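Just so you know, we're using the working numbering here: the sequence shown kicks off at 2 and counts up by one.
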Amino acid sequence: MRRFLPIVLVAVAVFAAPTATASDPAGTLDLSPYRGKVVLVDFWASWCAPCAASFPWMQQMVDKHGAEGLVVVAVDLDEDPSAGRQFLNGGYTGFQHVEDPKGALAEAHSVQVMPTSILYDREGRATFVHAGFHPEQQGEYENHLVALLTGQNVPVAATPAPVTDRRGVRPWRRGVLAQPEMSLDHDALYLLTDDHIYFSKEASSGGRGFGGGGCGCN
Numbered sequence: 002m003r004r005f006l007p008i009v010l011v012a013v014a015v016f017a018a019p020t021a022t023a024s025d026p027a028g029t030l031d032l033s034p035y036r037g038k039v040v041l042v043d044f045w046a047s048w049c050a051p052c053a054a055s056f057p058w059m060q061q062m063v064d065k066h067g068a069e070g071l072v073v074v075a076v077d078l079d080e081d082p083s084a085g086r087q088f089l090n091g092g093y094t095g096f097q098h099v100e101d102p103k104g105a106l107a108e109a110h111s112v113q114v115m116p117t118s119i120l121y122d123r124e125g126r127a128t129f130v131h132a133g134f135h136p137e138q139q140g141e142y143e144n145h146l147v148a149l150l151t152g153q154n155v156p157v158a159a160t161p162a163p164v165t166d167r168r169g170v171r172p173w174r175r176g177v178l179a180q181p182e183m184s185l186d187h188d189a190l191y192l193l194t195d196d197h198i199y200f201s202k203e204a205s206s207g208g209r210g211f212g213g214g215g216c217g218c219n
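Here it is, written out as structure tokens:
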């Protein structure tokens, strides 16, 4: 039996379209204009490094497979839509762009990781769903695209379970956490001071663990 693994694909499409805004609170995304085509719906944000890494590769895919019927709807989850537009910088005009600043579409599609991609077959059925983008798996991702474009029989993806845990920050609202200054090791001076405290004191436990500090009290 042929096994199909989840696909990681990101925003690329065939026809240029003006940016739209997802204003429906129910998170409805109308894909009916693309019936008969293979549609990739990708949820991304400008601060998401894996999202940015996937765009050039997906542009290659649309250049290669666009004439075969590949359409991609890129859903920007930036709370400030201008950040997404700045990231695009007038490029990727072949994508179908949608802005979802309130996360209505992301919520409706149970997005839990950035980016999340959903690939639909020519009948409008969700087939492959994957969270994240891994460059080393690009060949596998293209195989999934080709499978749908050539009409191979692939399993239909199960309907995502609704998100019931509302604790914490939703994935598409974590842009502030992606900023360099939020990293624990972003400041070189802080690291030097930390190393001095933990490694140079007599009887220090060493490292940055919880077992003890520079005073050797533990």
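C-beta atoms are modelled at their ideal positions from N, C-alpha and C, and glycine is treated no differently. The structure displayed is predicted, hence computed values, not measured ones.
Check                                                                                                                           : Outcome
Of the residues Q153, L106, G140, H135, the one placed nearest T128, counting alpha carbons only                                : Q153
Residues sharing a beta bridge with Y93, DSSP                                                                                   : Beta-bridge pairing links Y93 to no other residue.
Candidates D64, D81, K38: closest to W45 by CA position                                                                         : D81
Buried or exposed by the 16-neighbour rule on C-beta atoms within 10 Å, applied to S83                                          : exposed
Bridge partners - D43, DSSP secondary structure assignment                                                                      : A75, S118
Member of H131, E124, R171, A148 whose CA lies at the smallest distance from the CA of P34                                      : E124
Runs of alpha helix (DSSP H) lying entirely within the region 103–159, each at least 4 residues, in chain order                 : 105–109, 139–150
Distance cut-off 7 Å: T29 Cβ against heavy atoms of the ligand NAD                                                              : Within the structure as shown, the ligand NAD is missing, as the structure has no ligands at all.
Touching by the beta-carbon criterion (3+ pairs, under 8 Å), the region 56–76 and the region 135–152                            : yes
Reference V112; option with closest CA among V99, F88, L78, V155                                                                : L78
Contacts around R126, its chain only, beta-carbon distance under 7 Å, and the 5 residues preceding and following it disregarded : V157
Separation of L190 from S24, as counted between CA atoms                                                                        : For S24, the pLDDT reaches just 42, beneath the cut-off of 50, and the residue's location in the model is therefore unreliable, leaving the point undetermined.
Alpha-carbon spacing of R36 relative to M59, whole angstroms                                                                    : 21 Å
When F134, V170, P136, Y121 are compared against L146, the one with the closest alpha-carbon                                    : Y121
Cβ pair P116, D43 closer than 8 Å                                                                                               : yes
Straight-line gap, F96 to L193 (C-alpha atoms, nearest Å)                                                                       : 46 Å
Which of helix, strand or coil DSSP assigns to T29                                                                              : coil
Cut-off 6 Å between Cβ atoms - residues of its own chain near G85, not counting five sequence neighbours on either side         : S47, D77, D79
G133 versus A53 - alpha carbon distance                                                                                         : 11 Å
Local Cβ density within 10 Å of A50, reported as buried at 16 or more and exposed below that                                    : exposed
Contacting residues, own chain, Cβ-Cβ under 7 Å from H66 (five flanking each side not counted)                                  : L146, L150
Cβ neighbours of P26 in the same chain (closer than 7 Å, five flanking residues each side left out)                             : In this prediction, P26 scores a pLDDT of 49, lower than 50, which makes its location untrustworthy; the coordinate-derived value is nonetheless stated afterwards. Closer than 7 Å at the Cβ level, and outside the excluded window around P26, lie A105.
Sequence-distant residues of the same chain with beta carbon closer than 7 Å to Q232, five excluded per side                    : Past the edges of the chain, shown from 2 to 219, lies residue 232, and the structure says nothing about it.
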